[in-house]
Amino acid sequence: MTPLAWVLIVGVAVTVAGIAVSAVPCTLRTGLTVQAIGVALIGIAGAAVVVGAASVGSQFSNSLGPSMGIDPLSGFFIASIALVSTPALVYACGYLSGSHHAPAIAVTSGVFVLALFGVVIARDAVTFLMMWELMSLAPAVTILLVSRNAESCRSVLVYLGSTHLAGVGVWLSMLALAHLGAFTDPHALAAQPTVIRSLLAGAALLGFGTKAGLMPFHSWLPRAHPAAPGHVSAVMSGVMIKVALYGLVRMLFEWLAPLPEWVAPLLLGAAALSCVAGVLYALMQHELKRLLAFHSVENVGIIALGLAASLLAAEAGQLQLAALAFAAAMLHTLNHALFKSLLFLCAGSFQRQVGKLDLDRLGGLLRTMPVTGTAFLAGSMAIAGVPPFNGFASEWLTLQALVQLALHGGQASAPMGALAAAALAATAALAVFCFVKVVGLVLLGAHRQKVVASSQEVPASMTGPVIFLAVLCLAIGVVPAIALGPIGHLSPYGPLPASATGLTLAVPGSGTFAPLAVAAFIVGCAAALQLARRRAGTTAPSPMWICGQVPDNRLAWTSAGFTKSLRLVLAVVLRPRRTVSVELDGVLVHSVVHESEVPHLFDDLLFRPALNGILAASRVLRRTQSGSLRAYLAYLLITLAAVLAVVRLGVS
Amino acid sequence: MTDQLMIPLTTASIAMPIVAALVLQAARSERAAHRLNRVCAVATSLVGLGAGLAMLTSGSHATGWVITDTASGIYVVVVTVVALMSALLSPAYLSGVQGQFFSARRSVHSYYLMLYGFWAALVAIPVIANLGVGLIVVEATTAASSVLIAFSGKPRALEAGWKYLILTTLGVSIAFLGIVIMFVASAPNGGGISQLDWSALPATLARIPHDAAVAAYALVMLGLATKIGWAPVHNWLPDAHSEAPAPISAMLSSALLPVVMLLAWRLRDAASAAIGTTAATTPLAAFGIFSVAVAVPFLWQPMAWKRLLAYHSLEHMGIITVGIAIASPLALAGVVLHFAGHALAKALGFYAAIPLYQVQPDATRHSARDVAASSPATFAAMAVTAFTLAGLPPSPLFFSELFIILGGIESGHVLLASALAVLIALAFIGLLHALLEALQGSPSPDHQPTATIRTGRTAPILIPTVVTAIALAALTACAWLLPASGIVRQLAQGIS
Amino acid sequence: MVGNAPAIAVQLAGLAVAPLLPGTIQTIKARLQGRRGASPLQPYRELRRLWRKQSVAPHDTTFVYRLAPSLSAAALACALLVVPVGASTVGWFGSDMLVLVGLLAVARFATAAAAWDPGGGFSLMGAARDLMFSVFAEPLLLLALVLVAVGPRSTDLVRMASAAGDANIVSTPAHWCAALAFGLVVLVETGRQPIDNPDTHLELTMVHEGPLLEYAGRDLAMLQWTAAARHWLMLVLAAGLFIPLPLTAPWSVLALAAAVAALCAVVALVETSLAKMRILRVPVLLGAGVATCMIGLASWIAGGTT
Amino acid sequence: MHDRAGVVDRRRHHLSTLIATASVGLALLVVVVRRRSVALTLVTAQSLMLAGVAVWRTGGHLELMTGAGALLLRTVAIATILGIGIARTRETRPVRAGIEPMVRVVIALAALLAIPPLMPALGFGDQYAQRGAVALVVLGIIIALTRRATIVQILGIIVAENGATLAALSASDAVPGVIELGVILDLLLIAVVAIAFHTRIFGQFGSGDSAQLQDLHD
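In structure tokens form, the structure reads like this:
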């Protein structure tokens, strides 16, 4: 037993103890704090493995287990999980106080986090699948604890249903790999025919892709994530989908090798679709948490772009490029975990203070909740890919990888790389668009409700975690090396060159980017200019210029209004619905009701028809149990005939 | 443990319930009957458990008219446990209803008579060494259990009992035809009953022309199918399980179906040599997967609790059957685990119906609604059942399903295993769908549960819930060890 | 290349020279329209005037509103120091095309968010349109970039500029497609007709001017300098990446200056000859640019991706 | 010697063919006839015939004799039980089958033409009789299927069980008494229970018509 293993075990034990303690209402806060400490310990163990690059525990085994262990890749994901979960649990101390079923929610969230760790630590199929199921189950229970109205029940059904159905892919692929011995022997599949490998890859892509929220299997995600309580949706959106990506990485880069050649292009396509469509639908949302959930789809797409680029580059023999793309994907995994959980935690705080999160009914929260608001602003800039925050660093690396793929990947990869790069650029622009909208509607401008105007800053236990996460976002953005250094060793294609992980990111054979210098210059320059404008004397208050009209909240711009131009341009794709009903009072207009929504086409055209079809079919099939003895006897007779016929055919 | 001891022990385990049944008839009053019942149940189950464990520990013996091996050991133990719980919970049920199938005065006595008779038959079937006799006992159970199903005498109960009677009897007559064909074909000029012994059956079948053997085998399998409730001849099953008294439903679902399936299992192992493994296994695989498939659409709707459980029996019998068909050691480990776990959880589910129907009378027709509020203990029992039946970790059924699927993949039945996995997932969605419908609904306004009902009725369910939960946890703990254990090794060698 | 004095000097000079470009364009435009027009130095005069005035902030505005001008100005200054003049740059911030995209995003984010802070309809209208254009302009820019980078196999600006140095790139079709596409990007980023009309005073038609509506004094000065800096950035890039220029100082700088002046004339010519198009038509135009890039890409791949 | 054996064989052959035909014919009649009592008589006749043949076959072996005798007893017992059952539950008006007699016959004949021929030859004994056995089982199901009177459905069960007996008589001298006894006891048990059900149903619904049992369905 190495010391690290002991740290891990102690961490798990402490977490379990914390769960037990938090089950008692009066010791809720203590329990959550203990949980956070335990999770932090586990994270330390993981981080130590990444930095020290010495594996702990057992290797992967094809037997039934149970066996567990940490290698650098697992360590990285453990560290990311801990980086998100620890603040989330601390946040829960304040967030859960006084809410219904608080102890139960605390317990389920603890179990949830442990299950996440379990999936990453598992070293055999059975343990992996067990933890996998628990990981899917815990959030569903939490959602039902929070509310049991028709909507949340429906989202739970869609969530558990789709992930469980797709989970069959995970089951079959994992079990088949265990049977073929692919966990231990990297060349196990090379002997198998292509059909088998294609089927396995297909099952794995379906299973893990659905859980990761890759389009077109993402439909559960924007339903489930908003329904959960703040800290749980932060963990769900921040790390649960990343754990699915962990499985995907294991499959694609270790176990399924050699991959069938159709996998990487397909993944690239799905990733590009997820990026663009995800952010596009996010832009059209009116509810903050749902919007953030759609952004998770987008960012999973960005990560998957990096992974696919890595696979394609490796196939083209560009191992250094492959390593770069892989590192980009991993860095974005970490970054997204940080800023997405930050945003969800802030959203939770807003929800706690003002109730509903309808974007058009907020406004000016930066003035009433300065700390949370500023953290939210930082998170928004990070997710929008604005330097000097961490989102830009990883997106820059991914873009570099894609462009390099286009330039060096050979004739096959060139168009794919170029188009994917263009898609990513469009995604970045859309993300800026979207988060300008969010920041404006949530943080800036006038208060659009009384309750918003009277809202106050949340307690320190809820501001602390978001500040911590915001600082991390900025730190990684300014000095990506602190994250890239360890990540650089993770890729299966050899470590990144030192030049790429220094203070100045130098992509071999391509551009260089010195985030620290850029940040320093911008801050310094901006500060100087601020001083300069102060020197000009005080700023005069003035009314806003709207052609002399009196400002009025009813004239305030809405989410739909801000995105209207884009909606009109893309009407062909988005198919927005719009109904305007004018009530005339004699000749005078009495009232005008305007309703508009952007339907989620994947639901309307793909999933709802499928579900209705299944339900209708089962309704028809249920008629066989008609209740008439006559029918049942007929079944018996027919079966007898069928059996004898089969025998006859089988024999002669 | 030697045969000399095995035979008397086995005989005792079968005789004991019969004795108890007769003793109970002597009870003066109903209360006396209930009191006596407790004693008899405990005593009977002690003998049964002793016999079962003895069979588990001592290897397989086929002497005289009994066959005692690992399989019979497992089955006797589980049957005894389920029967014990049913017997102990029967007073709770009887106090709630007034049976009208029998004359009111002897109602309780006749109930116990039938119950213990049923018990005796269930213990007998796994240990009888002869296919023909086994089938006769199966037919006998039909008589006893159909009366028990109709015990309440209500129209729906009568309907369920009648359908059960007609369908299963006609089915078993098909099986008899098959047996007679086996018999006369193997010995045209007469022969001893012994040639239908499990040990002799391979030779018997080998003497028959191949196609005749296959036909006879198929007929017997079809006959057993009607009794096990394999689709498409399962139609009596949901009616019977939903209308029978809760303790009887538990015995039907947790004990009777798997016990009859044991006959099919033994027959398969006996016939494989003579008619070829493919021909012997195909019916099992087909019936199994088809049963799971048929169960799915019914699980996709909210329905009354016991009916839901009945359709889950259909599904889980199908899963076990597929496991038997796969027959790799891992799959058989899954089968054992699934059989035991399903028996416990399903029985508990049916017991939960006793307080449930007393708290919510309309739950007999519609899906139960927010039980958690009106009766926490009942809800706990239902939750344990649903969680286990859904095959979610860490319930033993999760591991058993996993073992069966992995076993299928290992032994090359990839298609079968994949289909099973998909169907299980679909069934899970169905259960989830029903569960959520029940969760989100509000309690029916006309009915207000009173405090007395709550405290008074749900106390009996608490103990079984705790016991079952512990037992399930123990099973989960065994799950890791089972695949490598001697039990599975012996099962894998064939149990005929 | 780090810290070579002439490069530093030239690029710092760029910060000062930037306002000259819009002025020049306006003058040439006026001449083309038969007016005498203001002197090219007019922007400097306006900056001086604004720098003396007091800045203004509507009610209920936060630090976002106050910070936006200096932030976007700083970002553009940084961008100006990244883009090489005459194939040489100060290496402080790295030299990479995609970094420029990021820095432009900073400025765009800052101004658009600032437009939300007072929440005035006209400024938001402009901001929304600007962001909507960028959604189509950025992929176009990226594709053009890939096409330019096929020569040097790199997105390093210096290498790209050097690669543009040799004359025979003009013979490759990909280069011309890229040039066309980049031209469109230039028009979008600098907010010139037919995309946007910088001279408009009608709020309803504003794009880039919209978010500036509320500002006054030094804030407005910074924002106007930012707009001018955008001209410098895009035109210098266009000249450096698409026109074969000598790479040896001092000729490089002089040739660049001449090329930029020529490009100003071209922009002015376009502005006089073309009317402003409908907002919703602009994406179609940019889509045409994307199509052009596709053709270029196809031709490059057909050429064996060499 | 050999010749005599051959003669015995041929006689037995003809006999079993005759029995098979007769019992199938009787079963077919059961499908058609209207009154419960008539149907009962027909089935009893069928059972008696089979039992008689069994007795004639035994040729004095005690072990076989028990089986055959039990068969005889069972026939009588069941006939009485059912007779009492019918007597105690007088239908106000006959239970309608819901299917016209001709249609019933057509269904029965169709099933007879379809299913028994599927039965593979056992290679010895009287294949005709063996198929007849299958036919009886099929007809048992058909009877329960086409008729709605509970009593007649019980008769269907008996016809099906007679099929097994016919199969036993088709080839060997007899099935071992243990099996016979068991089957017979079972059938008695079933008959008793079924009659009990019949009376309860009659009491509940006012007529022994299984068509009223339609409440349990999905």
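Protein chains in written order, with my numbering: chain A, 2 to 653; chain B, 2 to 497; chain C, 3 to 308; chain D, 8 to 225.
Positions of the beta carbon are idealized from the N, C-alpha and C atoms, including for glycine.
No experiment lies behind these values; they were computed from the predicted model shown.
**Request:** List the residues that DSSP assigns as beta-bridge partners of M69 of chain A.
**Result:** According to DSSP, which records beta bridges pairwise, M69 of chain A is partnered with A:A123.
**Message:** Is it the case that the stretch 112–130 of chain C contacts the stretch 40–52 of chain C, given that we only count it when at least three CB pairs across the two stretches are under 8 angstroms?
**Reply:** In short, these stretches do not touch, since the Cβ pair count stays below three.
**Message:** Less than 6 angstroms between C-beta atoms, sequence neighbours within five positions excluded: which residues of the same chain meet that for T513 of chain A?
**Reply:** For T513 of chain A, where only same-chain residues beyond five positions count, the Cβ hits under 6 angstroms are T505 and A507.
**Asked** With 16 as the cutoff for other CB atoms within 10 Å, does G413 of chain B come out buried or exposed?
**Response** It is exposed - the Cβ of G413 of chain B has fewer than 16 other Cβ atoms within 10 Å.
**Under 8 angstroms between C-beta atoms of L57 of chain D and L49 of chain D** = With respect to the 8 angstroms criterion, L57 of chain D and L49 of chain D are not classified as neighbours on the basis of their beta carbons.
**Request:** Could you check which residue in C:E216, C:T202 and C:L222 has the C-alpha nearest to that of I547 of chain A?
**Result:** For I547 of chain A, the closest alpha carbon among the candidates C:E216, C:T202 and C:L222 is that of C:E216.
**Prompt:** How many whole angstroms separate the CB atoms of A145 of chain B and M183 of chain B, which I take to be in contact at a CB cut-off of 8 angstroms?
**Reply:** A Cβ-Cβ distance of about 27 angstroms is found for the pair A145 of chain B and M183 of chain B, leaving them out of contact under the 8 angstroms criterion.
**Asked** Between the stretch 292–303 of chain C and chain A, which residues of the former have CB atoms less than 7 angstroms from a CB of the latter, in chain order?
**Response** The stretch 292–303 of chain C vs chain A, Cβ under 7 angstroms: L299 and I303.
**Prompt:** Closer than 8 angstroms, CB to CB, is I202 of chain D near chain A or not?
**Reply:** Cβ-Cβ to chain A under 8 angstroms: no for I202 of chain D.
**Asked** Is the Cβ of S486 of chain B closer than 8 angstroms to any Cβ of chain A?
**Response** Chain A contact via Cβ: absent.
**Prompt:** Can at least three beta-carbon pairs, one atom from the stretch 148–168 of chain C and one from the stretch 243–250 of chain C, be found at a separation below 8 angstroms?
**Reply:** Enough Cβ pairs lie closer than 8 angstroms, so yes.
**Request:** Would you kindly check if the distance between the Cβ of I477 of chain A and the Cβ of A394 of chain A is under 8 angstroms?
**Result:** For A394 of chain A and I477 of chain A, yes; Cβs fall inside 8 angstroms.
**Asked** Under 8 angstroms, do A1 of chain B and I276 of chain B count as touching if we go by C-beta distance?
**Response** Absent from the model: residue 1 of chain B. The displayed extent of chain B is 2 to 497, so no value can be given.
**Request:** Locate the alpha helix (DSSP H) running through A271 of chain B, then write down its first and last residues.
**Result:** In the DSSP assignment, A271 of chain B falls within the unbroken alpha helix (DSSP H) covering L258 to I276.
**Message:** Between L235 of chain C and chain A, is any beta-carbon pair separated by less than 8 angstroms?
**Reply:** Chain A, which has no Cβ nearer than 8 angstroms to the Cβ of L235 of chain C, makes this no.
**chain A within 8 angstroms of W118 of chain C, Cβ atoms only** = Output row for W118 of chain C: interface = yes.
**Message:** Between V440 of chain A and chain C, is the shortest Cβ-Cβ distance under 8 angstroms, so that the two count as touching?
**Reply:** So yes, V440 of chain A belongs to the interface.
**Asked** Relative to the C-alpha of A115 of chain C, which residue among A:A139, A:M132, A:V439 and A:L425 is closest?
**Response** That would be A:V439, whose Cα lies nearest to the Cα of A115 of chain C.
**Item:** Beta-ladder partner(s) of G58 of chain A, from DSSP
**Value:** Beta bridge pairing from DSSP links G58 of chain A with A:G70.
**Message:** Would L274 of chain A and V264 of chain A be called neighbours here (beta carbons separated by less than 8 angstroms)?
**Reply:** If you check the CB distance, L274 of chain A and V264 of chain A do not come in under 8 angstroms.
**Asked** Tell me the DSSP bridge mates of I129 of chain B?
**Response** Assignment of beta-bridge partners to I129 of chain B by DSSP yields B:V67.
**Asked** How would you write the range of the alpha helix (DSSP H) that R68 of chain C sits in, first residue to last?
**Response** R68 of chain C -> alpha helix (DSSP H) spans F65 to V84.
**Asked** Where does V583 of chain A sit, in a helix, a strand or coil, going by DSSP?
**Response** V583 of chain A: strand per DSSP, three-state reduction.
**Request:** Compare the C-beta of L638 of chain A against all C-beta atoms of chain D and say whether one is closer than 8 angstroms.
**Result:** With 8 angstroms as the cut-off, L638 of chain A counts as an interface residue toward chain D.
**Prompt:** So which residues of chain C does M545 of chain A contact, with C-beta pairs closer than 8 angstroms?
**Reply:** The contact set of M545 of chain A on chain C, defined by CB atoms closer than 8 angstroms, consists of P60, H61, P120, G121, G122 and E216 in chain order.
**Asked** In the stretch 520–534 of chain A, which residues sit with their C-beta less than 7 angstroms from some C-beta in chain C, listed in chain order?
**Response** Those would be F522, I523, C526, A527, L530, Q531, A533 and R534, in chain order.
**Item:** Selection from A:L530, A:P481 and A:V581 that minimises the alpha carbon distance to H595 of chain A
**Value:** Across the set A:L530, A:P481 and A:V581, the C-alpha of A:V581 shows the shortest separation from the C-alpha of H595 of chain A.
**Spatial distance of A186 of chain B from F103 of chain B (CA atoms)** = Going by the C-alpha atoms only, they are around 44 angstroms apart.
**N- and C-terminal bounds of the beta strand (DSSP E) containing H591 of chain A** = Residues L589 to E598.
**Asked** Per the contact definition of three or more C-beta pairs closer than 8 angstroms, is the stretch 222–241 of chain A in contact with the stretch 123–141 of chain A?
**Response** Enough Cβ pairs lie closer than 8 angstroms, so yes.
**Item:** Backbone CA spacing between P86 of chain C and V255 of chain C [nearest angstrom]
**Value:** A straight line joining the alpha-carbon of P86 of chain C with that of V255 of chain C spans about 10 angstroms.
**Request:** Can you tell me which of the three DSSP states H448 of chain A falls into?
**Result:** Secondary structure at H448 of chain A: coil, using DSSP grouped into helix, strand and coil.
**Request:** Return the bridge partner residues of S543 of chain A from the DSSP annotation.
**Result:** Bridge partners of S543 of chain A: C:P60.
**Asked** Tell me which same chain residues have a C-beta within less than 7 angstroms of the C-beta of P285 of chain C, skipping the five on either side of it?
**Response** Taking P285 of chain C as the centre and dropping the five residues before and after it, the same chain places the C-beta of F138 closer than 7 angstroms to its C-beta, in chain order.
**Request:** Spell out whether any CB of chain A is found under 8 angstroms from the CB atom of T206 of chain D.
**Result:** No, its Cβ sits nowhere closer than 8 angstroms to a Cβ of chain A.
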